[in-house]
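Undergrad: Following this message is one structure expressed as structure tokens.
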Amino acid sequence: MAVRMKDIAADLGVSLVTVSKVLRNKTDVGEKTRRRVLKRVRELKYQPNMLARGLASGKSYSIGLVVPDLVHTFFAELAMGVSAGLRKDSYQLILASAEEEPGLECQEIEHLLARGVDALLIASCQNSFAGFKSLLHAKVPYILLDRFLPNLKAHFVGTDDVAAGRIATEHLIQLGRRRIAHIGGEVISTSLGRLDGYKKALSANKLPFRSELVVTRSRLEEAGVQIGEHAMGDLLRIKRIPDAVFCYNDLTAVGAIHCLLRNKLRVPEDVAVMGCGNIRLSEYLEVPLSTIDQCPERQGAEAARLALSMIAQERRPRAERFLVEPKLIARESTMGRAK
């Protein structure tokens, strides 16, 4: 028979309320009592009955996370951070992928709302907040991750993408590169922000912006390698090829490097390549990749903290904006091999 909270309380001679408070990490329980309860919980391998807990509280103790691509390591690491942040409060994370399709994203949001999730975390592929109508009517707390939507007053956790683009481009400029190209995305806030940072760095260093050095494509998350390779091929066909390229993300940069090597060009001697995202394999590539670290697990942990805080409050707090400062990670694709 499953162990119940009342069994633990009777066994230790404490109240059911005390056991409940310990399991919910409440602070108004003495440390000695807390340790006794947790020790007995471990010994008996107690698992809370989430269905009963939900019926009593009116909550599902689950939070939905909608991402544009489950395969991309950035979103996988983001999900890891969210899951770790929710685990200590016995919340379950439910994952859904929109596959970069706004219509599918709306369907996934509807399905998660139908499951009664207590909050939603969304890395949206929408172009406007029109697709959020059902969510706004549902009055379920939600947080935008990685990508924000203009004119939508929502909580947001992500990276300062303008700073990411500026830092990446300034790194290439400091290495003496002057014809710096950019392979970027379209429409979404992350690509627009990184392009803006690229332009700001050029302007601050009195370098001209050349439209022929900017190639934009859609669907860079799930098809980044192929798109990066094709886009780099386009840049190699212009009259004066670039001496460096800042790519929207690491997968795009991997494709760009593959194209350069296939065309007998050296990285970074002929063309330096910069990514963004710092995926886990970046340092183990054929040419270890210089990139911008977005700290996705930290973003996920912050989103979990904010979601739990919103669920606990009866009144919705004013929209918060939490930005993780991007960090330069310089490797061989821009710096060359150490002598």
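According to our numbering, the sequence shown is numbered sequentially starting from 2. Glycine included, each C-beta is placed from N, C-alpha and C at the ideal position.
Ignoring anything shorter than 4 residues or poking outside the region 143–229, list the alpha helix (DSSP H) runs there in chain order.
TA: 162–175 and 190–205
Undergrad: Taking 7 Å as the limit between beta carbons, can you name the residues of its chain near Arg-281, skipping five residues before and five after?
TA: As a first step, residue 281 must be located in the sequence shown, where it is residue number 280. Closer than 7 Å at the Cβ level, and outside the excluded window around Arg-281, lie Thr-74.
Undergrad: Using DSSP bridges, identify the partner residues of Ala-331.
TA: Stepping through the sequence shown from its first residue, residue 331 is reached at position 330. Beta bridge pairing from DSSP links Ala-331 with no other residue.
Undergrad: Counting only the same chain and skipping the five closest in sequence on each side, list residues whose C-beta sits under 6 Å from that of Val-268.
TA: Locating residue 268 in the sequence shown gives position 267, counting from the first residue. Around Val-268: Ile-258, Leu-261, Val-274, Val-288 and Ser-334.
Undergrad: Rounded to the nearest angstrom, what separates Asn-206 and Val-72 at their Cα positions?
TA: As a working mapping, residue 206 is identified with position 205 in the sequence shown. As a working mapping, residue 72 is identified with position 71 in the sequence shown. Roughly 37 Å between the two C-alpha positions.
Undergrad: In angstroms, rounded to a whole number, what distance separates the CA positions of Asp-162 and Ser-61?
TA: Numbered from 1 along the sequence shown, position 161 holds the residue referred to as residue 162. Numbered from 1 along the sequence shown, position 60 holds the residue referred to as residue 61. Taking the straight line joining both Cα atoms gives about 34 Å.
Undergrad: Could you tell me the distance, in whole angstroms, from the CA atom of Lys-1 to the CA atom of Lys-7?
TA: For residue 1 there is no data in the structure shown, the boundaries of the chain being 2 and 340.
Undergrad: Tell me, which residues are paired with Cys-296 by DSSP?
TA: As a first step, residue 296 must be located in the sequence shown, where it is residue number 295. None, per the DSSP bridge assignment.
Undergrad: Would you call the region 297–310 in contact with the region 139–158, where contact means no fewer than 3 C-beta pairs closer than 8 Å?
TA: Verdict: yes, contact present.
Undergrad: Less than 6 Å between C-beta atoms, sequence neighbours within five positions excluded: which residues of the same chain meet that for Leu-324?
TA: Along the sequence shown, one-based indexing puts residue 324 at 323. These residues qualify, in order along the chain: Asp-161.
Undergrad: According to DSSP, Leu-66 sits in a beta bridge with which residue or residues?
TA: Taking the first residue of the sequence shown as 1, we reach residue 66 at position 65. Per DSSP, the beta bridge partners of Leu-66 are Leu-96 and Leu-122.
Undergrad: Taking Cβ to Cβ, would you say Asp-251 is nearer than 8 Å to Gly-278?
TA: Numbered from its first residue, the sequence shown carries residue 251 at position 250. Numbered from its first residue, the sequence shown carries residue 278 at position 277. Cβ atoms of Asp-251 and Gly-278: closer than 8 Å.
Undergrad: So, with DSSP's three-state summary, where would you put Arg-322?
TA: The count along the sequence shown starts at 1 and reaches residue 322 at position 321. Three-state DSSP puts Arg-322 in a strand.
Undergrad: Indicate the three-state DSSP secondary structure (helix, strand or coil) for Cys-260 in the structure shown.
TA: Position 259 of the sequence shown, counted from the first residue, corresponds to residue 260. Residue state, collapsed to three classes: helix.
Undergrad: If you reduce the DSSP assignment to three classes, tell me which class Leu-52 lands in.
TA: Position 51 of the sequence shown, counted from the start, is the residue given in the question as residue 52. Low local confidence applies: a pLDDT of 47 at Leu-52 is under 50, so the model's placement there is unreliable, with the coordinate-based value given in what follows. Note: Leu-52 maps to helix in three-state DSSP.
Undergrad: Please list, in chain order, all residues of the same chain as Pro-297 whose beta carbon is under 6 Å from its beta carbon, the five residues on each side excluded.
TA: For the purposes of this step, residue 297 is taken as residue 296 along the sequence shown, with counting starting at 1. Excluding residues within five positions, the ones whose Cβ falls inside 6 Å are Phe-75, Glu-78 and Leu-79.
Undergrad: Whether or not the region 6–25 and the region 36–47 are in contact is what I'm after, with contact meaning three or more pairs of Cβ atoms, one per stretch, closer than 8 Å; do they touch?
TA: yes
Undergrad: What residue range is occupied by the uninterrupted alpha helix (DSSP H) comprising Ala-77?
TA: For the purposes of this step, residue 77 is taken as the residue at position 76 of the sequence shown. Counting along the chain, the alpha helix (DSSP H) containing Ala-77 begins and ends at 74–88.
Undergrad: Please give me, in chain order, every unbroken run of the beta strand (DSSP E) with length at least 3 that falls completely inside the region 240–292.
TA: The region 240–292 contains these whole beta strand (DSSP E) runs: 245–248 and 273–275.
Undergrad: Is DSSP giving Glu-101 helix, strand or coil here?
TA: Against the sequence shown, residue 101 aligns to sequence position 100. Note: Glu-101 maps to coil in three-state DSSP.
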